[in-house]
Amino acid sequence: LLDVSWYTESMRDGHPVEILDRHKLQEFAVNDSEVTPFSVPSYACQRRSTLENHNAVLTDALSLLAEKAELSDEDGRGVAFRRAAAVLKALPSAVTKMSQLTGLPCLGEHSLRVIKDILENGASSEVESTKESERFKALKVLTGIFGVGSKTADRWIREGIHNLQQLRDSGQTLNRAQQAGLEHYDDIKQPVSLAEAEAIRGIVGKAVASVSSEAQIVLTGGFRRGKLTGHDVDFLITHPEEGSEVGLMPKLVSWLESRGLLLYQKTTRNSYLECSEGPGRPPSNIDRFERCLSIFKLSAGQTGSGVQSEETAASPSATERQWRAVRVDLVVSPISQFAFALLGWTGSKLFERELRRWAGHEKGMSLSSHALYDSKQVNGSKGSASAMEEKRSKLISCHVLQGRYIRASSEEEIFAHLGLEFIPPTERNA
Ligand code: DCT
Ligand code: MG
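In UniProt numbering, the protein residues as written are 98 to 527.
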């Protein structure tokens, strides 16, 4: 009776994880003797991944190939490279021999070939040729524009547009986000520093306090994981009284807009409804909270240390004008979903993906940034029920479903429900 499509979806999502066996490794091994292989658990959410990385050369190479795959709409391949990179990031020291990799999870043949190339020749030919590829360079530049995804970039490249000037000259119609993205390209490309993130937190915090004395704001994303720079600043806002978070976002946005602090903003309303939604995860990993994607205008005076000095080369005007554009995401969550939202918005992206994969494959549960749903007692099937019957059963199951949602008021509780050891934010840098 119940909709279990999320489960099959998560199965599809869970690309088979390759475990490297000794037989396969022989192809790659250089010298097996006197080498102790590393050992790590399969899922990134079972590992402690700090920002310390002893294998940056290898993980940068694999991350670049992941990026290339993602920009080419090959998500499965992208995830495989991301998982391989995350395994190497979790190792306690640098890999020097292929034989150290025996038994490690998530290292497929392609990733091993890249690693071997680097260990033996100092570089991977595939990575080097990707870096030089005109198509890859154009995809990077064009998708670097806020509001431009890989599909749009691909279409533009096919029309002969490879860089910003060609885009400006082409007369392409850009939407509002893309226009703002193009206008503030240099600033947005520049990493956001922790000092800038904290300055923005101060301003947004003031805005939140002035629209509601009890509302709370938390810095999430990479900065919560201890990163010193990021591509944007992510905030999660809630209110201790369920329902009182409704209406906060428009007030907050008005407050910021009236002070000229937003160069661009687009707010989407909360579209999550547990009852009508059923246990399914959203079709994409994007959650359904009320969300404001914005480009913030940060004045030099507000960071204390002025506009980042590094950007002088990229954008000489940034220091002259005494402000810079910064990407800021605001998300509002009801307090009942706050722990899930906090966990979901802290990342890393791969850590989140692995938590969901663990929940689905190992625990028969569905995890989102809204809820944890236990589907183990699901019986019946979607079968050939008519649309009418399906609608009716969905309404009935709505009541039944309540019992299978697992509530949690902290991240620690969610890890416990998932049967995982708690991993603090600073160790979620998979
Ligand atoms: N997220 C996710 N899946 C996505 C996108 C985002 O799980 N497809 C979560 C994890 C991180 C958080 O949202 C914020 O996203 P980003 O800002 O893109 O990531 P970040 O880790 O904060 O990276 P950066 O430091 O570069 O901003
Ligand atoms: Mg971020």
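Every residue gets a Cβ at the ideal spot worked out from N, C-alpha and C, and that includes glycine.
Query: Between Ala-141 and Leu-447, is the Cβ-Cβ spacing less than 8 Å?; Result: yes
Query: Using only the alpha-carbon positions, how far apart do Glu-149 and Leu-188 sit?; Result: 10 Å
Query: My understanding is that Val-425 touches Val-330, with C-beta atoms under 8 Å, so please give their C-beta distance in whole angstroms.; Result: 5 Å
Query: Anyone know if the C-beta pair for Lys-394 and Leu-358 falls short of 8 Å?; Result: yes
Query: Give me the Cα-Cα distance between Ala-163 and Ser-309, rounded to the nearest whole angstrom.; Result: 42 Å
Query: Would you tell me roughly how many angstroms separate the C-alpha atoms of Phe-519 and Leu-440, rounded to the nearest one?; Result: 11 Å
Query: Can Trp-455 be considered in contact with the ligand DCT, in the sense that its beta carbon sits closer than 7 Å to one or more heavy atoms?; Result: no
Query: Leu-452 and Leu-464 look like a contact to me (Cβ under 8 Å); what is the Cβ gap, rounded to whole Å?; Result: 6 Å
Query: Hey, could you find the ends of the beta strand (DSSP E) Val-423 is sitting in?; Result: 420-429
Query: Give the straight-line distance between the Cα atoms of Ile-285 and Tyr-361, rounded to the nearest whole angstrom.; Result: 12 Å
Query: What does DSSP give as the partner residue(s) for Met-462 in the beta ladder?; Result: Asp-471
Query: Work out the CA separation of Asp-214 and Leu-279 for me, nearest whole Å.; Result: 38 Å
Query: Using 7 Å as the cut-off, classify the Cβ of Asp-384 as near or not near the heavy atoms of the ligand MG, replying yes or no.; Result: no
Query: Give the DSSP-derived three-state secondary structure of Leu-316 in the structure shown.; Result: strand
Query: By a C-beta neighbour count over all protein chains shown, 10 Å radius and 16 as the cutoff for buried, is Ser-481 buried or exposed?; Result: Confidence in Ser-481 is poor, its pLDDT being 47 and thus under 50, which makes the residue's placement too unreliable to answer from.
Query: Any heavy atom of the ligand DCT closer than 7 Å to the CB of His-467?; Result: no
Query: From the DSSP output, in three-state form, read off Arg-525 for me.; Result: strand
Query: Helix, strand or coil: which one does DSSP assign to Val-308?; Result: helix
Query: Let me check you understand the geometry: is the CB of Asp-331 closer than 7 Å to at least one non-hydrogen atom of the ligand MG?; Result: yes
Query: One question on the structure: do Leu-168 and Thr-240 come within less than 8 Å of each other, judged by their Cβ atoms?; Result: yes
Query: Quick one: give me the first and last residue of the beta strand (DSSP E) that Val-154 is part of.; Result: Here Val-154 belongs to no beta strand (DSSP E); instead the alpha helix (DSSP H) covers 153-168.
Query: Who are the near neighbours of Ser-396 in its chain, counting only those whose CB is closer than 6 Å to its CB and skipping five residues on each side?; Result: Trp-420
Query: Leaving out five residues before and five after Ala-294 in sequence, what residues of the same chain have Cβ atoms less than 8 Å from its Cβ?; Result: Leu-316, Phe-320, Gly-327, Val-330
Query: Determine whether the beta carbon atoms of Ser-247 and Asp-170 lie at a separation below 8 Å.; Result: yes
Query: Would you decide whether Leu-271 is buried or exposed? Buried here means 16 or more other CB atoms lie within 10 Å of its CB.; Result: buried
Query: Leaving out the 5 sequence neighbours to the left and right, which residues in its chain are closer than 8 Å to Asn-152 when beta-carbon positions are compared?; Result: Leu-185, Lys-186, Leu-188, Ala-191, Val-192
Query: Expressed to the nearest angstrom, what Euclidean distance is found between the alpha-carbon atoms of Lys-228 and Ala-166?; Result: 13 Å
Query: Measuring only from the beta carbon, is Ser-445 closer than 7 Å to any heavy atom that is part of the ligand DCT?; Result: yes
Query: May I have the straight-line CA-CA distance separating Leu-515 from Ala-296, to the nearest angstrom?; Result: 36 Å
Query: Using DSSP bridges, identify the partner residues of Ile-254.; Result: Answer is none; Ile-254 lacks a bridge partner.
Query: Is Glu-318 a contact residue of the ligand MG, with contact defined as CB to any heavy atom under 7 Å?; Result: What sits at residue 318 in the sequence shown is Gly, not Glu. Correct: Gly-318 has its Cβ closer than 7 Å to the ligand MG.
Query: Which partner residues does residue 528 have in the DSSP bridge list?; Result: Outside the shown range of the chain (98 to 527) lies residue 528, about which nothing can therefore be said.
Query: Would you report the Cα separation of Pro-337 and Arg-179, rounded to the nearest angstrom?; Result: 37 Å
Query: Could you give the DSSP three-state label for Val-289: helix, strand or coil?; Result: strand
Query: Quick one, which of Val-289, Ser-146, Trp-253, Val-245 has its alpha-carbon nearest Thr-400's?; Result: Val-289
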